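In numbering that gives the first Met the number 0, the protein residues as written are 0 to 194.
A virtual CB, placed ideally from N, CA and C, is assigned to each residue, including glycine.
Bear in mind that the values here come from a model prediction, so they are computed numbers and not experimental data.
First comes the structure, then the notes that go with it.
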Amino acid sequence: MNIDKALRDPMTGVYSRAALHERLREEVERASRYSLPLSLLVIDLDHFKSVNDAFGHSRGDRVLKEFTRRMIAMTRSTDPLFRYGGDEFVILLPHNTSAQAVQLARRLLESISAVPFPGEPPLSLTFSVGVASYPEDGETSESLFEVADQRQYQAKRAGRARVVSIEDDPAQISGTGEPGRLIERDMAWNHSAVF
């Protein structure tokens, strides 16, 4: 088995979980050595289990492939995409500040969520995103990933279909404040199932 194939997710073709931690460590070392910004997005599809339960794993697999295709189309070739597991993905953003990463995450959420996924019935999906950036959120690959992952869970707990970063007010994240900078999407499609 060649090394590149071992580092790829067989279904989506993007990098696998096995490739993530080494690549993240390399990017953190590069960012530290050259005083460069670095960010990462941890992305988790909202209510994806419901898609598999209602329509079967074959439909779920097609949705994951299309989701991956849409993310690749909206990111730079220098921003590697990883399937971390199930319906969770990670995008590394070398040379991106926190503000740039948040802007990309919001653009991904708005664009991908706005177009239903094909099939019968068409499915409208949202996702939750946690953003972490070097060095403000951590100076090691482990700490950066942990912060982004925790923020993705905060986005889920706050109602899903959101981007959470260092800039977000904790009251907004907990759902006790105004939505402010958090993205909230009303996905009431008359022509599609909403998950």
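6 Å Cβ shell around residue i - same chain, five flanking residues per side excluded
i: LEU23; result: SER140
i: SER142; result: none
C-alpha gap between residue i and residue j, whole angstroms
i: PHE198; j: SER31; result: Any answer about residue 198 is impossible in this case: the structure gives the chain only from 0 up to 194.
i: SER132; j: PRO115; result: 31 Å
i: PHE88; j: PHE66; result: 10 Å
i: ALA113; j: ARG29; result: 36 Å
i: ILE42; j: GLY129; result: 7 Å
i: PHE144; j: ALA160; result: 20 Å
i: GLY55; j: SER34; result: 47 Å
i: GLN102; j: SER57; result: 32 Å
i: SER49; j: GLU25; result: 36 Å
i: HIS20; j: ASP8; result: 15 Å
i: GLN151; j: ALA157; result: 10 Å
i: LEU92; j: PRO79; result: 8 Å
i: LEU122; j: ASN51; result: 12 Å
Other residues of its chain near residue i: CB distance less than 7 Å, five sequence neighbours each side excluded
i: ALA221; result: With the chain covering only 0 through 194, there is no way to say anything about residue 221.
i: ILE71; result: LEU80
Residues near residue i in its chain [Cβ-Cβ closer than 8 Å; skip 5 each side]
i: GLU138; result: VAL27 and SER31
i: GLU135; result: SER97 and ILE165
i: ASP45; result: LEU124, THR125, PHE126, SER127, LYS155, ARG159, ALA160 and PHE194
i: LYS4; result: none
i: THR11; result: LEU63, LYS64, THR67 and ARG82
i: GLN149; result: GLY129
i: GLY174; result: In this prediction, GLY174 has a pLDDT of 44, which is less than 50 and means its spatial position is unreliable; nothing more can be read from the coordinates.
Top-ranked residue by Cα proximity to residue i, from the options
i: ARG75; options: GLU145, ALA154, ARG150 and GLN99; result: GLN99
i: ASP86; options: VAL101, ARG16, MET73 and VAL162; result: ARG16
i: LEU37; options: ILE90, GLY59 and ASP148; result: ILE90
i: HIS94; options: ALA104, VAL162 and THR77; result: THR77
i: ILE111; options: LYS64, ASP167, LYS4 and TYR14; result: LYS64
i: ALA53; options: GLY118, MET70, ILE71 and TYR152; result: GLY118
i: ALA147; options: SER123, PRO120 and TYR83; result: TYR83
i: ARG68; options: PHE47, VAL13, LEU122 and LEU40; result: VAL13
i: LEU40; options: LEU107, ASP60 and ASN51; result: LEU107
i: ASP60; options: PHE47, GLN149, ASP167 and PRO120; result: PHE47
Bridge partners - residue i, DSSP secondary structure assignment
i: ARG7; result: TYR14
Neighbour flag for residue i against chain D, beta carbons, 9 Å
i: GLY84; result: Here chain D cannot be found, since the structure has a single protein chain.
Problem - Complete alpha helix (DSSP H) runs within the segment 10-97 (minimum length 4 residues, chain order) - result: The segment 10-97 contains, as complete alpha helix (DSSP H) runs of 4+ residues, the segments 16-33, 47-54 and 56-73 (chain order).
Practice task
At 4 residues or longer, and completely inside the segment 108-180: list those alpha helix (DSSP H) runs for me, N to C.
Solution key: As far as the segment 108-180 is concerned, its whole alpha helix (DSSP H) runs of at least 4 residues are 140-156 and 169-172.
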